[in-house]
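A short write-up of the structure that comes next.
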Amino acid sequence: MLLDVKNVKKVYKTRGTQTTALQQIDFGVNEGEFVAIMGESGSGKSTLLNIIATFDQPSQGTVHLNGTNTAKIKKNKIAQFRREQLGFVFQDFNVLDTFSNKDNILLPMVLSNADIKEMERRLQEIAPILGIQNLLEKYPYEISGGQRQRVAIARAIITNPPLLLADEPTGALDSKSSEQILGLFKELNRLNKTILMVTHSIQAASYASRVLFIKDGVVYHELYRGEESNQA
Ligand code: ADP
Ligand code: ADP
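In terms of the UniProt record's numbering, the sequence shown opens at residue 1 and continues consecutively.
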């Protein structure tokens, strides 16, 4: 199992008030799966994703990613662990207008002393899949939201991490761009990328092969997608 979330509970304590964001979460993601976590605002989706992304720690329970208990990673190794194991796609793209799209994709690698030649080679490989060949020399402010999200996806998978995490990746897009981005996720998944996506959109979730529904910090329902329909 690539991702194993066991008995995860999260209580936020701020100025005397306690909020239980996650009561008890148990689920796993196998290599090659495309899993969506669906729930309304406030159901605990971001909290769960932040914990899986190692940005936050659970109050109880464990998260294993690729065999590593993420609570046991040393502070000075956490950035490297994230780089090697995880790709992130956000709702608001998180691309920097001051850099070209290509530099946005490669810059995190430059900063981490990665083999840039290898990254350039990999970019040539993924650019056609993402349809961004003609966008690389442009700047984020020159392209549409959907195109910016493609650039962000390129940045997330340039190191070929085992798990791609997406937090409401179509939340800032119109329905046509949303469908294109979701179609891309589906294509990446077909090419064997494991994806975990958080969303409140049933349209987005319908692209996943499995959907977990969370409410009040627990998984209360799980759906497996039927075989190919012509919708997605
Ligand atoms: P979702 O992403 O599904 O909207 P969240 O994980 O953001 O849900 O929030 C779950 C619950 O935890 C909400 O009640 C929210 O207000 C609370 N919460 C989230 N983050 C924090 C925080 N840093 N401090 C205190 N409460 C938080
Ligand atoms: P979304 O549901 O769109 O992901 P939210 O508005 O729930 O976004 O949360 C945005 C950020 O603020 C998250 O990182 C979350 O952890 C944090 N957050 C949410 N609720 C609270 C809260 N009550 N107190 C402090 N931080 C919070």
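Even glycine gets a Cβ: it sits at the ideal position worked out from N, Cα and C.
{"Query": "What are the boundary residues of the alpha helix (DSSP H) that G183 is part of?", "Result": "S175 to R190"}
{"Query": "Whether or not the region 126 to 138 and the region 166 to 176 are in contact is what I'm after, with contact meaning three or more pairs of Cβ atoms, one per stretch, closer than 8 Å; do they touch?", "Result": "no"}
{"Query": "How about G44 and H200: do their beta carbons lie closer than 8 Å?", "Result": "no"}
{"Query": "Measuring straight from C-alpha to C-alpha, what distance separates A21 and D174?", "Result": "29 Å"}
{"Query": "For the alpha helix (DSSP H) containing M109, list its first residue and its last residue.", "Result": "N101 to L111"}
{"Query": "Do N39 and ligand 1 come close, with the Cβ less than 7 Å from some heavy atom?", "Result": "Looking at the sequence itself, residue 39 is Gly, so the reference to Asn does not match. Answer for G39: yes, Cβ within range of ligand 1."}
{"Query": "Does ligand 1 have even one heavy atom less than 7 Å from the beta-carbon of T199?", "Result": "no"}
{"Query": "Following a CB-centred definition, is S59 positioned closer than 7 Å to any heavy atom of ligand 1?", "Result": "no"}
{"Query": "I'd like to know if the region 68 to 81 and the region 143 to 150 are in contact, where contact means that at least 3 CB-CB pairs between them fall below 8 Å.", "Result": "no"}
{"Query": "Could you tell me if S144 is buried or exposed, where buried requires 16 or more neighbouring beta carbons within 10 angstroms of its beta carbon?", "Result": "exposed"}
{"Query": "Three or more beta-carbon pairs under 8 Å between the region 184 to 201 and the region 23 to 33, yes or no?", "Result": "yes"}
{"Query": "Pull up the distance between the alpha-carbon of G61 and that of Q24, whole angstroms please.", "Result": "8 Å"}
{"Query": "Could you check if N208 is buried or exposed, using at least 16 other CB atoms within 10 Å of its CB as the buried criterion?", "Result": "Before going on, a small fix: residue 208 reads as Ala here, not Asn. Label assigned to A208: buried."}
{"Query": "Applying the 10 Å Cβ sphere with the 16-neighbour rule, what's the burial state of N178?", "Result": "The sequence shown places Ser at residue 178, not Asn. S178 is buried by the Cβ-count criterion."}
{"Query": "Just the Cα atoms here: how many angstroms apart are V89 and F99?", "Result": "18 Å"}
{"Query": "Short of 7 Å in beta carbon distance, which residues of its chain neighbour G146, apart from the five on each side in sequence? Order them along the chain.", "Result": "L173, S177, Q180 and I181"}
{"Query": "Considering only heavy atoms of ligand 1, does any lie closer than 7 Å to the CB of residue 234?", "Result": "This structure cannot settle anything about residue 234, because the visible part of the chain is limited to 1 through 232."}
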